[in-house]
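Numbering (UniProt numbering), first residue to last: 1 to 175. Yeah, the Cβ is synthetic: ideal placement off N, Cα and C, and Gly gets one too. Model, not experiment: these values are computed from the prediction.
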Amino acid sequence: MLEKPKRMCKRSVCRKDANLNNILNECRRNCKVNCRKLIFHYEIVDRSLASIPIGSPDLQVLSDQIKINIVIKNPEVIVMSHKPLYNAMDIFSYVGGLMGCWLGISVWTCTGIAETTFWTFLNFLKQYVMKSRHSPSAGNQSFFRRQHHNTLLSKYSIKGIRVAKKLLKQNPGII
């Protein structure tokens, strides 16, 4: 590498120089295979041209500039990405590992807790349904409820005695 590289030629001079044209064509021929593999071999060559005198003002103006031309015929770049897919076992082990580290419980314990919670909720639901079946009906529905009286029971109950007394008063000939 050069510590202070110098521009050695102008465009018109470089295009007209047959030696530089041959080097450029050779580079293009040899670079195709390596460019496809994305492997680049390079060589830095320091050369001076005899066409520009050393004390020329053109050389001093361009002495701190470097021009590099890179020609890419196919700028297409293949980008491969990886999106991990989780199956049920991966998720199970991932969640189990997190619970084990942070909560100190295993997945097996967690399933036991879930099962106990489920059965407790199911028993509570059964008791709630049983209580709602045996609870008295609403006040508006009491007007439409049918009263079932058995005649044998009504004779022996207090209510039945009252009914029997009323019937005796209305029809004394029943007895």
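inquiry  = Closer than 8 Å is the cut-off here; do at least three beta carbon pairs connect the region 89-96 with the region 104-111?
reply    = Contact between the region 89-96 and the region 104-111 is established, with three or more Cβ pairs separated by less than 8 Å.
Whole-angstrom distance between residue 128 and residue 117, CA atom to CA atom = Here residue 117 corresponds to residue number 117 of the sequence shown, with the count starting at 1. Here residue 128 corresponds to residue number 128 of the sequence shown, with the count starting at 1. Across the structure, residue 117 and residue 128 are spaced so that their CA atoms are roughly 16 Å apart.
key: Coarse secondary structure for residue 93, derived from DSSP in three states   = As a first step, residue 93 is located in the sequence shown; it is residue number 93 there, counting from the start. Here residue 93 sits in helix by DSSP.
key: Helix, strand or coil at residue 19 according to DSSP, with G and I counted as helix   = On the sequence shown, position 19 is the one that residue 19 refers to. Shown here, residue 19 sits in a helix according to DSSP, grouped into three states.
key: Cβ-based burial, residue 152 [other Cβ within 10 Å; buried from 16]   = What you label residue 152 is simply residue 152 of the sequence shown in a count that begins at 1. For residue 152, the predicted model reports a pLDDT of 48, less than 50, meaning its position is unreliable; a value from the coordinates is still stated below. By the neighbour-count rule (16 or more Cβ atoms within 10 Å), residue 152 is not buried but exposed.
inquiry  = For a test of the three-state rule: what should DSSP assign to residue 25, helix, strand or coil?
reply    = As a first step, residue 25 is located in the sequence shown; it is residue number 25 there, counting from the start. DSSP places residue 25 in helix when its eight states are reduced to three.
request  = Rounded to whole angstroms, what's the CA-CA distance from residue 126 to residue 112? Just pull it up for me.
outcome  = Translated into the one-based positions of the sequence shown, residue 126 becomes position 126. Translated into the one-based positions of the sequence shown, residue 112 becomes position 112. Cα to Cα, residue 126 sits roughly 21 Å from residue 112.
key: residue 91 to residue 131 span [Cα, whole Å]   = Taking the first residue of the sequence shown as 1, we reach residue 91 at position 91. Taking the first residue of the sequence shown as 1, we reach residue 131 at position 131. Looking at the backbone, the Cα of residue 91 and that of residue 131 are separated by about 42 Å.
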